[in-house]
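Protein chains in written order, with our numbering: chain Z, 2 to 135; chain X, 2 to 135.
Each residue gets a CB set at the ideal place from its N, CA and C atoms; glycine is no exception.
Everything below concerns the one structure shown next.
There are 2 protein chains.
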Amino acid sequence: MQKLLFHEIHQKSRLSVKEVNDALKEFHLYSSQWSILFCLKQFGEMTQKEIWQYLNVEAPTVTRTLMRLEHSDWIVRKEGEDKRERLVQLSESAKTMVPQIEKRIQEVEEGLLSSLSEAEQEQLIELLKKIGNH
Amino acid sequence: MQKLLFHEIHQKSRLSVKEVNDALKEFHLYSSQWSILFCLKQFGEMTQKEIWQYLNVEAPTVTRTLMRLEHSDWIVRKEGEDKRERLVQLSESAKTMVPQIEKRIQEVEEGLLSSLSEAEQEQLIELLKKIGNH
DNA sequence: CCCATATACTTACTTAGGTAAGTAATTTTA
DNA sequence: TAAAATTACTTACCTAAGTAAGTATATGGG
């Protein structure tokens, strides 16, 4: 029983990443890159630590993705007041593109969730949040 | 709103993989390898296609994981009647280990789900199944 | 003040998963 | 029945994410 549950979570996680990646192709982006761009759009300038804490991933994962985003001019990094920190920001061109991309991603998500009512979506998120709270 | 939902699925998926990997360390196994061993325990001899279809992953993913499992003597492969196919089976030593591992994994899963009632677990799986059915 | 410790980030290496293209065996079709 | 198409698997290469260990800066205690 429980096995089916994790099987299902795992599969839907992969499915949503796949569809998001597909939609992001036209922007030459990947889902994890988008996660960071969205994060920066929401919160403005952030340290790398703030990013990986918010996304709940390890620091090296963020380092790697930021390197790619920097290389393709989606983000800009500068030294922090604390010289160990690096402050990350959307580039000017990213600022104009992000709203368009956001709209496209929203469509994908709505498609994936079209079989669930608003109430069911709320319910699902509440149940998911309960996982791992021991 | 919807973003939080996928954010949550993604995170819980990673969390469960992480905890399962941690439990599997003592057996020198990884979660995806376990998925295949469990599959073979349930269904007996399978072709690689049957495995990737059941797990809903791509063929190369299974090829790679099976190579590792074969190398560490968890599985055995032989040519099928159709010579393009390869029939996969648990090794003799795997057959004796798998029940022990299964028990350990069950504990992990129960821990992760300990905040949810049986009814909530059922509900969650039903809602997850609805994702992507357009 | 200086040394030990902690913090922020990076590097190197591992598995997981995807796509695209290749190979060999089988099946379909003309 | 020979050529074309399909199928099963593999190889090569990409991103994602984790752990362990390294580097450089900051901080706190003696």
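- prompt: What residue range is occupied by the uninterrupted alpha helix (DSSP H) comprising V99(X)?
  reply: On the second sequence, residue 99(X) is found 98 positions in, with the first residue counted as 1. E93 to L113 is the extent of the alpha helix (DSSP H) around V99(X).
query: Start and end of the beta strand (DSSP E) containing V77(Z)?
result: What you label residue 77(Z) is simply residue 76 of the first sequence in a count that begins at 1. From DSSP, the beta strand (DSSP E) with V77(Z) extends over I76 to E80.
task: Pull out every residue of the stretch 78-99 of chain Z whose Cβ sits closer than 9 Å to any Cβ of chain X, in chain order.
output: For the stretch 78-99 of chain Z, which is checked against every Cβ of chain X, not one residue is closer than 9 Å.
message: Counting C-beta neighbours from all protein chains within 10 Å, is the total for T64(X) 16 or more, i.e. buried, or is it exposed?
response: Here residue 64(X) is taken as the residue at index 63 of the second sequence, counted from 1. By the neighbour-count rule (16 or more Cβ atoms within 10 Å), T64(X) is not buried but exposed.
- prompt: Going along chain X, which residues have a C-beta under 7 Å from Q12(Z)?
  reply: The residue labelled residue 12(Z) in the question sits at position 11 within the first sequence. Going along chain X in sequence order, the residues near Q12(Z) (Cβ under 7 Å) are N57.
- request: Measure the C-alpha to C-alpha separation of L70(Z) and N22(Z) and round it to an integer number of angstroms.
  value: Translated into the one-based positions of the first sequence, residue 70(Z) becomes position 69. Translated into the one-based positions of the first sequence, residue 22(Z) becomes position 21. Cα to Cα, L70(Z) sits roughly 15 Å from N22(Z).
- request: Tell me T48(X)'s beta-bridge partners as DSSP assigns them.
  value: Translated into the one-based positions of the second sequence, residue 48(X) becomes position 47. DSSP output for T48(X) lists L88(X) as bridge partner(s).
message: Against chain X, with Cβ distances strictly below 7 Å, would I102(Z) count as a contact?
response: Reading the first sequence from its first residue, position 101 is the one you call residue 102(Z). Cβ-Cβ to chain X under 7 Å: no for I102(Z).
- prompt: In whole angstroms, what is the alpha-carbon distance linking E108(Z) and S36(Z)?
  reply: For the purposes of this step, residue 108(Z) is taken as the residue at position 107 of the first sequence. For the purposes of this step, residue 36(Z) is taken as the residue at position 35 of the first sequence. Roughly 16 Å separates the two Cα atoms.
task: State yes or no: is the C-beta of I132(X) within less than 7 Å of the C-beta of L113(Z)?
output: Taking the second sequence and counting its residues from 1, the one referred to as residue 132(X) is at position 131. Taking the first sequence and counting its residues from 1, the one referred to as residue 113(Z) is at position 112. Yes; because the gap between Cβ atoms is below 7 Å, this pair is in contact.
query: Is the stretch 93-111 of chain X touching the stretch 89-107 of chain Z, taking contact as three or more C-beta pairs under 8 Å?
result: no
field: Under the three-state DSSP convention, the category N134(X) falls into
entry: Within the second sequence, residue 134(X) is the residue found at index 133, counting from 1. Reduced to three states, the DSSP call for N134(X) is coil.
task: Grab the span of the alpha helix (DSSP H) containing L30(X) for me, first residue to last.
output: As a working note, residue 30(X) is residue 29 in the second sequence. Per DSSP, L30(X) belongs to no alpha helix (DSSP H) and is neither H nor E.
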